[in-house]
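Before any comments, here is the structure.
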Amino acid sequence: MIELDGLTKRYRSRVAVDDLTVTVEPGRVTGFLGPNGSGKTTTMRCILGLTRPTSGTARVLGRPYRELARPMRRVGALLDPRARHPNRTAHAHLLALAQSNALPRHRVDDVIGMVGLEPVAHERVRGFSLGMGQRLGIAAALLGDPDVLLLDEPVNGLDPEGIRWVRELLRGLADEGRTVLVSSHLMSEMEDTADHLVVLGRGRLLADAPMDELLGAHATVRVSSPQVRLLAPALQRAGGTVGVEGDGALRVEGLGLADVGDVAFEVGARVHELRRVTASLEAAYLALTGDDVEYRAVAP
């Protein structure tokens, strides 16, 4: 478990993280989202004791990270896949980490096999592609077989097969009861991977909710009618926000499915299609962060 209570980090006049209170529970994949500069990496650095908070606390497994005995056995992290000596081989890099953290030597071979780096295990990492570097960083995070994982953009540079592998890995680790916090800018992938979402904007918490709940909160109603000019104003008078889709159907926000049906019946508008449309994660995210694209208005 990761617990943040009033976590705040200021750099002179700039607030990077602003009074953040969140609990990241074990047994699920928690997606950590926010625009560039929203405070995600700073928050992760505070959790790992790499950045000192201005105020508030960050606890992992009930205590500050610096107080954990043998922390690599408890917490695995990937913040920068380039954090390795370029002249070492992948095997030597992981072996140095294992020896310096009193981890059994066999774990090196275990994680190399787990991330699929056997063919290049004894090659110098200076020649690694971005995707291979990501796999090595994930291997390092898994080296101590930790209870908690923090991964910052772990699928950068990976091909579709590698992205699917990371998704299955994270799901498997969460199913084992571990705490998994992962950031990513790939919305479609996060939608397929995460159970729960924490969304930041300008350092402040915008959402802390299960995936289904967040997407449901941004659901809309799609209604198709040959009498759009009659129906649209009636829906607006009923409190709906109405936009027009590319095929001429109406997209209604702020009213439920039954509400839209009732309005259509009251004004005598024929309906050819009426259904609830759950928002994509990208649409929900853009709405939360204030970057949503406005739909063109319906002519009266």
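Position 225 (the sequence shown) corresponds to 228 in this note's numbering; numbering is contiguous. Using N, Cα and C, we set each Cβ at its ideal position, and we do this for glycine too.
A check of alpha carbon separations from residue 28 across 65, 277, 114, 105 identifies 65 as the nearest.
Judged by their CB atoms, residue 53 and residue 63 are not nearer to each other than the 8 Å cut-off. Taking a 10 Å sphere around the C-beta of residue 165, we find 16 or more other C-beta atoms and assign the residue as buried.
For residue 199, the enclosing beta strand (DSSP E) begins and ends at 199 to 204. Put simply, the region 190 to 199 does not touch the region 40 to 52. Fewer than three CB pairs are less than 8 Å apart. The three-state secondary structure of residue 18, taken from DSSP, is strand.
The Cβ atoms of residue 84 and residue 130 do not sit closer than 8 Å to each other. Comparing alpha carbon positions, the residue from 264, 283, 169 closest to residue 277 is 264. Measuring C-alpha to C-alpha distances from residue 219 to each of 185, 256, 268 identifies 256 as the nearest.
Each of 251, 13, 214 was checked against the Cα of residue 288, and the nearest Cα belongs to 214. Looking at the DSSP output, residue 86 bridges to nothing. Apart from the 5 residues on each side of it in sequence, residue 106 sits with its Cβ closer than 8 Å to the Cβ of 75, 76, 100, 146, 147 in its chain, given in chain order. Residue 181 sits buried, since 16 or more C-beta atoms from the chains shown fall within 10 Å of its C-beta.
Inter-residue distance for residue 68 and residue 91 is about 28 Å (C-alpha atoms, whole angstroms). Nearest in C-alpha terms to residue 169, of all of 199, 118, 51, is 118.
Straight-line measurement puts the Cα of residue 47 at about 12 Å from the Cα of residue 25.
For residue 285, the CB contacts under 7 Å within the same chain, skipping 5 residues up- and downstream, are 190 in chain order. DSSP places residue 152 within a strand segment (E or B) once states are collapsed to three. For residue 216, the enclosing alpha helix (DSSP H) stretches over residues 214 to 220.
The bridge partners DSSP lists for residue 8 are 60. Following the DSSP letters along the chain, one finds residue 80 inside the beta strand (DSSP E) bounded by residues 78 to 81.
Where residue 225 is concerned, the enclosing beta strand (DSSP E) starts and stops at 223 to 227.
For the region 227 to 302, the continuous beta strand (DSSP E) assignments of 3+ residues that do not extend past its boundaries occur at 244 to 247, 253 to 256, 276 to 280, in sequence order.
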